[in-house]
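K.L.:
For the sequence shown, the residue numbers in mature numbering (1 follows the signal peptide of the UniProt record, and there is no 0) are -19 to -1, 1 to 244. Every residue, glycine too, gets a C-beta built ideally from N, C-alpha and C. Before I ask anything, here is the structure I am working with.
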Amino acid sequence: MKWLLVCALCLLTVSQVRSFYVTRIVNGTDAKLGEIPFQVSLRDLSSGKSRHFCGGSVLNENYVVTAAHCVYGQNDEDSKKMRVEVGSIYLDKPYQTHKVEKVIVHKGFNPFKSLKNDVALIKVTKPFVFSARVQPVPLPELHTKILANSKATVSGWGGRGGEIQGLPNTLQKATIRIADQAYCKKVMIQEHEEIFPTQICANDPTMRKGQCNGDSGGPLMVNGKLTGIVSWSIKDPYCASTTYPGVYTRVPEFVDWILEHAK
């Protein structure tokens, strides 16, 4: 399924590439105000309206960390039509809205080959104002090992999957588990997909719960640290498969890159 989507990108414009890869939270619960103070909503203003298209995490006063596929191909004009919203759990009640100064995509990212190195930074024009509702996300140590079956939390404003249409207005969160890496590789190979050491997999093997359309770029937290960035998944036919774990960028392998470029 994902291989077909990547090939279809060849026919899309830059703005369409961004919308093609969005993913969402399935079977989540409402987050409380201030519970996930680093959660970001990326907004596209190109249609004349403020449209949520991806998530992200506040990194420091000036930067957001997100998935590269959310902002791949952005030029200066595209950036002018993007906004970063923080501090609210509601899509229709913005708290802090920031313009974008520049976008930094990992140079090793190429969506036409794979979604490896799916990480990017967004610099805002004015610093975030920190409060109980807006805080930077804690980063893990470089090369931190993440044990299979560790409890993880994924969050975002993506849709709920199945027959439920549209995006939730309230930020959703879901508790899932880190999947065994060998198992994830095995089931993905069956679908002709490769899992790299710089990726991590997570799902709930007992029920559909986790990422789907609209959550790309958002955080996967383990032990209070940003462990993953929502990247991609396989639908069978819906999101949040119990067989195929969702795939995330493994943040501990990119800590040096993130800190170097977010100065």
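1. Here's the rule: buried if 16 or more other CB atoms are within 10 angstroms of the residue's CB, otherwise exposed. What is I170?
2. Quick one: residues in its chain with C-beta nearer than 8 Å to the C-beta of D10, no 5 flanking neighbours on either side, listed in chain order?
3. CA-CA distance, I159 and A49?
4. For a test of the three-state rule: what should DSSP assign to D99, helix, strand or coil?
5. Using a C-beta cutoff of 7 Å, does T179 count as contacting chain B?
6. When the Cβ atoms of the segment 201 to 210 are set against those of the segment 82 to 95, are three or more pairs found closer than 8 Å?
7. Entirely within the segment 48 to 76 and at least 4 residues each: give me those alpha helix (DSSP H) ranges in chain order.
8. For S28 and A129, I'd like the C-alpha separation in whole angstroms.
9. Among I127, K83, R32 and I17, which one has its Cα closest to the Cα of N56?
10. With DSSP as the reference, please indicate the residues paired to residue 252 in a beta bridge.
11. Check for me: the alpha helix (DSSP H) holding Q162 runs from which residue to which?
12. Taking 7 Å as the threshold (C-beta atoms), are A133 and L40 in contact?
13. Does the Cβ-Cβ distance between V135 and G68 come in under 7 Å?
14. Drop a sphere of 10 angstroms on the beta-carbon of L23, count the other beta-carbons inside from all chains shown, and report buried for 16 or more, exposed for fewer.
15. From what residue to what residue does the alpha helix (DSSP H) around V236 run?
16. If we ignore side chains and look at the alpha-carbon of each, how far apart do L26 and F34 end up?
17. Please return the same chain residues whose Cβ sits closer than 6 Å to the Cβ of R231, not counting the five positions on each side in sequence.
18. Given A12, which residues of its chain have a CB within under 8 Å of its CB, disregarding the five upstream and five downstream residues?
19. Does the beta-carbon distance from V211 to S222 come in below 7 Å?
20. Using the C-alpha atoms, what's the distance from R32 back to P18?
21. So, with DSSP's three-state summary, where would you put V105?
22. Thinking just about the alpha-carbon of each residue, which of V86, V203, L148 and P186 is nearest to the one in C165?
P.N.:
In terms of the structure at hand:
1. exposed
2. Checking the sequence, you will find Thr at residue 10 rather than Asp. Excluding residues within five positions, the ones whose Cβ falls inside 8 Å are Q153, K154 and A155.
3. Distance from the CA atom of I159 to the CA atom of A49, rounded to whole angstroms, is 22 Å.
4. coil
5. Note that chain B does not occur in the displayed structure, where there is just one protein chain.
6. no
7. 49 to 52 and 57 to 61
8. 42 Å
9. K83
10. The structure shown has nothing for residue 252, since the chain only spans -19 to 244.
11. Q162 to I170
12. no
13. no
14. buried
15. V236 to H242
16. 10 Å
17. Cβ neighbours of R231 beyond the five flanking positions: T179, Q180 and I181.
18. Q20, I70, S136, T151, L152, Q153 and K154
19. Taking 7 Å as the Cβ cut-off, V211 and S222 do not qualify as a contacting pair.
20. 21 Å
21. strand
22. P186
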